[in-house]
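Per this note's numbering, the very first residue in the sequence shown carries number -3; after that it's consecutive. Glycine included, C-beta positions come from ideal geometry on N, C-alpha and C. Structure, as structure tokens:
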Amino acid sequence: MKISIATDHGAFELKNKIKDYLISKGYEVTDFGCFSNESVDYPPIIAKAARAVSIGKCERGIVLCGSGIGASIVANKIKGIRCALVYAPELARLSREHNNANMIALGGRFTDFDTAKELVDIFLTTEFQGGRHLRRVEQIMDLEKFL
-3 MKISIATDHG AFELKNKIKD YLISKGYEVT DFGCFSNESV DYPPIIAKAA RAVSIGKCER
57 GIVLCGSGIG ASIVANKIKG IRCALVYAPE LARLSREHNN ANMIALGGRF TDFDTAKELV
117 DIFLTTEFQG GRHLRRVEQI MDLEKFL
């Protein structure tokens, strides 16, 4: 599976740890930045990672910022993206089972590496349940027709 990943300076170190972890597990990771602890504007960086998922270059994406909130908002501005801000295992599972999320956002200032590994593992291995949830996801995606 190909994974896009991106962050701002607020989660730079966590992004690198997650990236290394994913590579060690055999995932192909495309890193869209940032590449240092220096302050950056995150919207263009996060948008690149989301576009990679949107166009099918990557199957899933992980975006980070200090809180995860800004990263999730930016990712969800890209057509075809369903990015969930997750901070607990149950939310990571539900993001896939019920919402067929193709991206997750993590808050670097609020998520330790062990928790991040657990959230990422759940996100990448949980299948979408379909059924009644498919109808709802389709309704969400239909909203893009009006943008």
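Residue i - containing beta strand (DSSP E), residue span
| i | result |
| --- | --- |
| R56 | 56 to 61 |
| A67 | That residue, A67, is in no beta strand (DSSP E); its alpha helix (DSSP H) goes 65 to 71. |
| I100 | 99 to 103 |
| S91 | No beta strand (DSSP E) holds S91; the alpha helix (DSSP H) holding it covers 85 to 93. |
| E24 | 24 to 27 |
Whole-angstrom C-beta distance between residue j and residue i, which should lie under 8 Å
| i | j | result |
| --- | --- | --- |
| L115 | A88 | 5 Å |
| L60 | T3 | 4 Å |
Limits of the unbroken alpha helix (DSSP H) element including residue i
| i | result |
| --- | --- |
| L81 | Unbroken run through L81 is the beta strand (DSSP E), 79 to 81; no alpha helix (DSSP H). |
| I1 | No alpha helix (DSSP H) holds I1; the beta strand (DSSP E) holding it covers -2 to 2. |
| E9 | 8 to 20 |
CA nearest to the CA of residue i, picked from the options
| i | options | result |
| --- | --- | --- |
| A112 | E86, E55, R47, I42 | E86 |
| M137 | S68, G103, R78, K(-2) | R78 |
| G66 | L90, M(-3), L102 | L102 |
| C54 | N12, E24, I42, G62 | E24 |
| D110 | L130, L10, I(-1) | L10 |
| V49 | Y38, F31, K73, V36 | K73 |
| I118 | P40, Y38, G52, M99 | M99 |
Residue i versus residue j - alpha carbon distance
| i | j | result |
| --- | --- | --- |
| G64 | M(-3) | 23 Å |
| L90 | G29 | 27 Å |
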